[in-house]
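Engineer: The structure's right below; bear with me while I get my questions together.
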Amino acid sequence: MSRRRIHLAAHFPGVNNTTVWTDPTAGSQIDFSSFEHFARTAERGFFDYLFLAEGLRLREHRGQLHDLDVAGRPNTLAILTALAAVTEHIGLVGTLNTTFNEPYELARQLGTLDLLSNGRAGWNAVTSSDAFHGANFRRGGYLDHADRYVRAAEFAALSKALWSSWRDDAIVADAETGAFLRDDAIARVRHESRLFDVDAVFDVPRSPQGRPVIVQAGDSPDGRDFATQHADVIFSLHTEFADAQQFYRDVKGRLAAHGRDEDSLKILPAATFVLGDTAAEARERSREIALAQVRPQTAITYLEQIWNRDFSGYDADGPLPDVEPDTGVETAQGFAGRHAAIRARVDQLRAQAAAEKLSIRELVIRLTAKHTFVGTPEHVASEIDRYVQERATDGFTVVGHVTPHGLDEFADRVVPLLQERGSYRRSYDEGATLHDLLGLPPVAQEAAAR
Amino acid sequence: MPHRIPLAVALDGAGWHPAAWREPTARPTELTSAAYWRDLARTADDAGIVFATIEDALSLGGRSSEADAETRRDRVRGRLDAVLLASFLAPHTRRLGLVPTVTTTHPEPFHLATGLQTLDHVSRGRGGVRIVAGSTAQERANFGRRADGPTGLPASGRVEDDPALLAAFREAGEVTEAIRRLADSWEDDAIVRDLETGRFLDRERVHNVEIAGEFFSITGASIVPRSPQGQPLITALAHQSVPFRFAAEHADLVFITPTDAAAVAGILDELTAPEREEPLRVFADLLVLVEETRAEAQAVWDRLQERAPLTTDARVVVGDADDVVAEIGALVEAGVDGVRLRPARLPTDLDRIARLVAPRAADAGILAPDTGEPTLRERLGLPRPTSRYARQEVGA
Chain A
1 MSRRRIHLAA HFPGVNNTTV WTDPTAGSQI DFSSFEHFAR TAERGFFDYL FLAEGLRLRE
61 HRGQLHDLDV AGRPNTLAIL TALAAVTEHI GLVGTLNTTF NEPYELARQL GTLDLLSNGR
121 AGWNAVTSSD AFHGANFRRG GYLDHADRYV RAAEFAALSK ALWSSWRDDA IVADAETGAF
181 LRDDAIARVR HESRLFDVDA VFDVPRSPQG RPVIVQAGDS PDGRDFATQH ADVIFSLHTE
241 FADAQQFYRD VKGRLAAHGR DEDSLKILPA ATFVLGDTAA EARERSREIA LAQVRPQTAI
301 TYLEQIWNRD FSGYDADGPL PDVEPDTGVE TAQGFAGRHA AIRARVDQLR AQAAAEKLSI
361 RELVIRLTAK HTFVGTPEHV ASEIDRYVQE RATDGFTVVG HVTPHGLDEF ADRVVPLLQE
421 RGSYRRSYDE GATLHDLLGL PPVAQEAAAR
Chain F
1001 MPHRIPLAVA LDGAGWHPAA WREPTARPTE LTSAAYWRDL ARTADDAGIV FATIEDALSL
1061 GGRSSEADAE TRRDRVRGRL DAVLLASFLA PHTRRLGLVP TVTTTHPEPF HLATGLQTLD
1121 HVSRGRGGVR IVAGSTAQER ANFGRRADGP TGLPASGRVE DDPALLAAFR EAGEVTEAIR
1181 RLADSWEDDA IVRDLETGRF LDRERVHNVE IAGEFFSITG ASIVPRSPQG QPLITALAHQ
1241 SVPFRFAAEH ADLVFITPTD AAAVAGILDE LTAPEREEPL RVFADLLVLV EETRAEAQAV
1301 WDRLQERAPL TTDARVVVGD ADDVVAEIGA LVEAGVDGVR LRPARLPTDL DRIARLVAPR
1361 AADAGILAPD TGEPTLRERL GLPRPTSRYA RQEVGA
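First to last, the sequence lines map onto chains A and F. The first sequence runs 1 to 450 under my numbering. The second sequence runs 1001 to 1396 under my numbering.
As structure tokens, then:
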């Protein structure tokens, strides 16, 4: 039996404490040269795609801008389209919100990226509904939390209909007869529901890959349903081997109900890595990086977000504060997913700190700076391969910890070993689309939309 | 010392003549391809053109007033998002300013602002924007969010006679101010990377914009740090008093469409705004078809017109390069700060502008040479705006 293929995505370091700006080699997070270097490295390493997150509002902490971590980033679509100009093969995937965009515009923007990159575009569709982010947009926090995935699913369906509304051979450009379009070149797309009232004629021709690849990252039951229905890739957080295998079985098992093949949905969890010439050296580096990722102030701030109290007087190397959290008002806005169940969370943290005898900083290192793969390049390559061969993942979304050079050593030292194992590409096929790179089935021109 | 001006070009589809796509030199099946736009941008860049505008609209038929714009099959159809196209062209060009068109009714002002700031970052200070007010019925149906809006110009032809159009111009003004304010929201030195204090950011130098207008509100600062030009170059096309006022109030540069050089003075009078720190730059538009000889140009023109008669707001010049240079010279005499050429055919008339018109305009002493200023604003003699928030600090 042939070896399963490893698929890798490269995540540009983000605006949280994973990204170490205090490293002497750290460069600008906004200059185009940083993005260009990162993209060229990922392409040199034959990654399937590079991946950029989205900013809707600067992070705040207790009512003020969060100033300890990297802040400030480009508009996702504009930077990806600029990167299309300096790359030839690699996929270009960005996170874009279904709540604070409208389908017609986002579909034409992604369609533009897809055409200019010759079929290399992808969209990580995320949902949001909170008033904090909504405050930067026309409609504010208009969407009920319960409707997040209703809107996301309709948004995705509507986008797919728009992308498939142009025939591949729509443009005839017959200079003699004067016909630019063929008669039934473009289908009208109508979508009327509680959330949308669209009667559209799309204005972007169909791309070489039919439509952008759709990625999904949410882990809730609604998120999994959305993924099995609409997504081509899941960007999961399940990296522990047994857990990853279980998630993989669960999600792939749901596909048949939607008439989908197992290979039509790839699962690429986020993974960090630390390399060393020996296992001991890698462990030592991992420890150094963790200490840089969780500086004393970072650790205190982390607890302040959960407790919603001022802990500036506390020693990060000391025990957890012996005070109750303030659950009255949420102020740690912009930190996705940290709002709920404060008390339960505090109890859980206290239990963990007590059981493992952890200081504040050591606890936060355990929680936010545990590196997925730590070891020699041989060890990391064999682990990645094991996950894929034993059906725990289809590959990984690799995140470096330094901008823009963090991916270099992975491309230089791990990728050649993956290639030697025979489960990773040695070159890109000429003209391959992102669908092709990911081994996804071709996109049929949906007859229903026509 | 004679007055010298820069040349700009306006790029759209297969050119500004509706039959241009049927010409043998046209590339009608490539109008949304990377190679086509890269070639156009490089031609303009190499010719020393100061900037290229890129048209856009949020519907298949664009801003055409034809009732059958969405269904007719004999016109160029299909386009790319102009802000993204400009971002794509930035790494392919060295000097050329990139000025995409944006409509202001439907898009999120926050996304527009961060997109334009990013264009300025990726082009290292060559980003601009052309602001368009209003929407069409098909645009509104495509979005499905706002049922009401203008239905083209009122019978009088005057914007001020249609409340919906007036509202659209007010909204365009709000969007433009949001773009400028968000561009200012990070002061230039907001990123401190201070190892001593552990602060990446000086939060005192990043400002929530707190916009609460008639059409939308925005609370936070931009997500994008300040860009090389500080603010993108803001431009608008204007034909009559409300748009003139809009341009004088909100734009750095306006495109005008004088019927001839003699009409320029009257327009310049209308464009004076009392409260500007920096005078509004005025570029006159010319739609040009250039051949080696006048006779050849006329023959091509007749063929195009027979296939699809052109209706245009701009003065049309059909002739050889000297004819175009003479027209540019007359506009220079009349006091404009620049001329934007709309090629009747793409790529042909852009090639002719690059190969024939620009060199002859230089020989005639009316073309401003490129003296190497790094940003688009600087090439146009415009200062880099200081962040309004930084100014407040100094004043306090």
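All C-beta atoms, glycine included, are put in the ideal place defined by N, C-alpha and C. None of the values given here were measured: they were computed from a predicted structure.
#1: Quick test of the definition: if touching needs 3 or more C-beta pairs under 8 Å, does the stretch 109 to 123 of chain A touch the stretch 1028 to 1035 of chain F?
#2: Distance cutoff 8 Å, beta carbons only. Does residue 365 of chain A sit that close to anything in chain F?
#3: Whole alpha helix (DSSP H) runs in the stretch 1272 to 1317 of chain F with 4 or more residues, listed along the chain?
#4: Please look up how many angstroms separate the CB atoms of residue 212 of chain A and residue 122 of chain A, rounded, as I've assumed it's under 8 Å.
#5: Can you give, in chain order, each stretch of the beta strand (DSSP E) that sits fully within the stretch 206 to 288 of chain A and has at least 3 residues?
#6: Can you have a look at residue 258 of chain A and say buried or exposed, based on whether 16 or more other CB atoms are within 10 angstroms of its CB?
#7: Going along chain A, which residues have a C-beta under 8 Å from residue 1195 of chain F?
#8: Against chain F, with Cβ distances strictly below 8 Å, would residue 73 of chain A count as a contact?
#9: Please confirm if the stretch 1172 to 1180 of chain F is in contact with the stretch 1123 to 1135 of chain F, defined as three or more CB-CB distances below 8 Å between the two stretches.
#10: When DSSP labels each residue in this structure, what does residue 1366 of chain F get in the three-state scheme?
#11: Strictly below 9 Å CB to CB, what residues from chain F border residue 148 of chain A?
#12: What residues in the stretch 1293 to 1321 of chain F have a beta carbon less than 9 Å from any beta carbon of chain D?
#13: Should the stretch 429 to 440 of chain A be called in touch with the stretch 278 to 292 of chain A, which here means at least 3 C-beta pairs below 8 Å?
#14: Name, please, each residue of chain F whose Cβ falls closer than 9 Å to the Cβ of residue 201 of chain A.
#15: Where does residue 1023 of chain F land, buried or exposed, given buried means 16+ other C-beta within 10 angstroms?
#16: Grab me the residues of residue 1387 of chain F's own chain with a C-beta within less than 6 Å of its C-beta, minus the 5 sequence neighbours each way, in chain order.
#17: Cβ atoms of residue 380 of chain A and residue 275 of chain A: under 8 Å apart, would you say?
#18: Write down the C-beta distance between residue 1168 of chain F and residue 1222 of chain F rounded to the nearest angstrom, noting that I regard them as a contact closer than 8 Å.
#19: Count the other C-beta atoms from every protein chain shown that fall within 10 angstroms of the C-beta of residue 7 of chain A, then say buried if there are 16 or more, exposed otherwise.
#20: Given the structure, does residue 101 of chain A come close to the ligand HEM, in the sense that its CB is under 7 Å from one of the ligand's heavy atoms?
#21: Give the DSSP bridge partners of residue 191 of chain A, in chain order.
#22: Starting from residue 439 of chain A and walking both ways along the alpha helix (DSSP H), at which residues does that stretch end?
#23: Are the C-beta atoms of residue 196 of chain A and some chain F residue less than 8 Å apart?
#24: Among residues of its own chain, excluding the 5 on either side of residue 413 of chain A, which ones have a beta-carbon nearer than 8 Å to its beta-carbon?
#25: Decide if residue 1098 of chain F is buried, meaning its Cβ has at least 16 other Cβ atoms within 10 Å, or exposed.
#26: Opposite residue 60 of chain A in the DSSP bridges: which residues?
#27: Quick one: Cα of residue 99 of chain A to Cα of residue 216 of chain A, how far?
#28: Tell me the DSSP secondary structure of residue 335 of chain A in three-state form.
#29: Please report the distance separating the alpha-carbon of residue 1106 of chain F from that of residue 343 of chain A.
#30: Which value, in whole angstroms, describes the spacing of the CA atoms of residue 66 of chain A and residue 136 of chain A?
#31: Please state the DSSP three-state secondary structure of residue 1163 of chain F.
#32: Can you list the residues of chain F that residue 45 of chain A reaches, using a CB-CB cut of under 8 Å?
#33: Please report the straight-line C-alpha distance between residue 1145 of chain F and residue 1206 of chain F, rounded to a whole angstrom.
#34: Just verifying my parser: in three-state terms, what is the DSSP assignment at residue 1130 of chain F?
#35: On a CA-only basis, which of F:1020, F:1075 and F:1045 is nearest residue 1376 of chain F? Give me that one, please.
#36: Please compile the residues from chain F whose C-beta is within a distance smaller than 8 Å of the C-beta of residue 13 of chain A.
Structural biologist: Put simply:
#1: yes
#2: no
#3: The qualifying runs are 1294 to 1307.
#4: About 5 Å separates the two Cβ atoms, so the contact holds.
#5: 213 to 216 and 270 to 275
#6: With fewer than 16 other Cβ atoms from the protein chains shown falling within 10 Å of its own Cβ, residue 258 of chain A counts as exposed.
#7: 22
#8: Yes, residue 73 of chain A counts as interfacial toward chain F.
#9: Two segments are said to touch when three or more pairs of C-beta atoms, one from each, lie closer than 8 Å; by this definition the stretch 1172 to 1180 of chain F touches the stretch 1123 to 1135 of chain F.
#10: coil
#11: Neighbours of residue 148 of chain A on chain F: none; closest Cβ ~18 Å, over 9 Å.
#12: Among the protein chains in the structure shown, which are A and F, there is no chain D.
#13: no
#14: 1059, 1060, 1061, 1070, 1071, 1138, 1141 and 1142
#15: buried
#16: Answer for residue 1387 of chain F: 1184 and 1187, listed in chain order.
#17: yes
#18: No, residue 1168 of chain F and residue 1222 of chain F are not in contact; Cβ-Cβ is about 25 Å, not under 8 Å.
#19: With 16 or more other Cβ atoms within 10 Å, it is buried.
#20: Because no ligand of any kind appears in the structure shown, any question about the ligand HEM cannot be addressed here.
#21: A:198
#22: First-last for residue 439 of chain A: undefined, no H or E at that position.
#23: yes
#24: Excluding positions up to five away in sequence, the list reads 275 and 377.
#25: buried
#26: A:65
#27: A straight-line Cα-Cα distance of about 14 Å links residue 99 of chain A and residue 216 of chain A.
#28: The pLDDT assigned to residue 335 of chain A is 44, lower than 50, so where the model puts this residue is not dependable; a value taken from the coordinates is nonetheless given after this. Coil, per DSSP.
#29: The straight-line gap separating the alpha-carbon atoms of residue 1106 of chain F and residue 343 of chain A is approximately 42 Å.
#30: So the two alpha carbons sit approximately 17 Å from each other.
#31: helix
#32: Here the premise fails: no neighbours, minimum Cβ distance about 21 Å.
#33: Straight-line Cα distance between these residues: approximately 32 Å.
#34: Note: residue 1130 of chain F maps to strand in three-state DSSP.
#35: F:1045
#36: In chain order: nothing, as chain F lies at least about 13 Å away.
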